[in-house]
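S.K.: Chains as they are written, first to last, in this note's numbering: chain A, 1172 to 1456; chain B, 49 to 212.
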């Protein structure tokens, strides 16, 4: 049978023949030539992907820092300064997004979307947080994308571009945040708003929690409309959103029921234990 | 506040309508079918000419754009996946050729597969699905080598060379 035969094969298999055959492959045959170009193409694509991942990480970090900054707005006397500083930070993030958009000119967005999606979601979270603090409303995805239209303003930039490219380079280009990234960013925003609610109570502000509660409820309603028809990530965020909303509603309840009993300066204490618990849950250091 | 409520709801309405036209999901659905089609095209071309079909030729056969364009296009990774499926099928063909008494075809398949393997060795692949499929190529190579070996120790390949 073939089983017994195979044992002998291992001893006598002409490895020399195999090596010889491989050496006979013509390195400049049509097939090899096309594979060499495949190598180049794949390497180029992978390099671009890595560059985008790095940019996305930078975008994430700077957006997160902006969010931390904005949290200080509530308790700070210099709110105006903080808002201005946040704008500067977000401009820096938009500069990175501009580079992302540049990398993506002429490329199929889908392939690289996974590289940049986390960064964009974090940016949506930061910019919508800032927008909420300023206007008490939710920024639209159109409004976000309006800020992501870039032009080649410096003469230096333009000459670089035209000397490097064979085709005509566009002088304006943009990045469109996808609806999915927008939704996921907004979902993360609700977590920040929940924290805002708790911290504002700690500052003796008993109006903000109720405003936030209403606002969050609207967002929640919007999300339930989409329900499970969206991608998996949205459903996951929906669950966290429900929890954030519940926390805010409980805070409002506590204020309502016990607010009149507790002197304002002690309100902070009532919520301090709650905040600790929440921070533990969220895994914050 | 009611004004702001309305605005928030409107925004979600826009988002909803945009979700309908998500292209990303669409692309993933078609990947498997596309790779299968590449394989079939490559197989036909191999049987006709014993060469590897080029990417451009496949695109022409399938009636799609070879280069990057919005929507349907033949991605290099889909092309390569289809080619790897061809390798597996050729290993099978080699075996069945012998059974059918054709002793020369396996030799030619062997040469072709070795060249294909050398080509793939040039590529720097990431740890994705293409890489996993490429890992299967060595088993195809081995199988074909075994067929060639079986023929050579029985002297059957010499017959084939003389006959060809």
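A virtual CB, placed ideally from N, CA and C, is assigned to each residue, including glycine.
1. State buried or exposed for residue 1248 of chain A, treating a residue as buried only when at least 16 other CB atoms are found within 10 Å of its CB.
2. Use the C-beta contact count for residue 202 of chain B: other C-beta atoms within 10 angstroms, 16 or more gives buried, fewer gives exposed.
3. Since residue 1242 of chain A contacts residue 1370 of chain A with CB under 8 Å, what's their CB separation in whole angstroms?
4. Is the CB of residue 172 of chain B under 8 Å away from at least one CB in chain A?
5. Checking contacts by CB at 8 Å: is residue 162 of chain B closer than that to chain A?
6. Mind listing the chain B neighbours of residue 1200 of chain A? Cutoff is C-beta to C-beta under 7 Å, in chain order.
7. Is there a Cβ of chain A sitting closer than 8 Å to that of residue 168 of chain B, yes or no?
8. Compare the C-beta of residue 109 of chain B against all C-beta atoms of chain A and say whether one is closer than 8 Å.
9. Need the endpoints of the beta strand (DSSP E) that residue 1345 of chain A sits in, please.
10. Is residue 95 of chain B close to chain A, meaning its C-beta is less than 8 Å from at least one C-beta of that chain?
11. For residue 1237 of chain A, which of helix, strand or coil comes out of DSSP?
12. Are any of the Cβ atoms in chain D nearer than 8 Å to that of residue 1224 of chain A?
13. Which residue wins for smallest C-alpha separation from residue 197 of chain B, given the options B:86, B:92, B:158?
14. Kindly indicate if chain B contains any beta-carbon less than 8 Å away from that of residue 1213 of chain A.
15. Does the contact criterion of 3 or more C-beta pairs under 8 Å hold for the segment 1218-1227 of chain A versus the segment 1280-1296 of chain A?
16. Rounded to whole angstroms, what's the CA-CA distance from residue 1353 of chain A to residue 82 of chain B? Just pull it up for me.
17. Per DSSP, what kind of secondary structure is residue 1315 of chain A in: helix, strand or coil?
18. Have a look at residue 1377 of chain A and residue 178 of chain B and give me their C-alpha separation to the nearest angstrom.
19. Buried or exposed: where does residue 115 of chain B fall if 16 or more other Cβ atoms within 10 Å of its Cβ makes it buried?
M.R.: Well, looking at it:
1. exposed
2. exposed
3. 7 Å
4. yes
5. yes
6. 163
7. yes
8. no
9. 1343-1345
10. no
11. helix
12. You won't find chain D in this structure, because its protein chains are A and B.
13. B:158
14. yes
15. yes
16. 30 Å
17. helix
18. 57 Å
19. Note that residue 115 of chain B scores 47 on pLDDT, short of 50, meaning its location in the model is unreliable and no value can be drawn from it.
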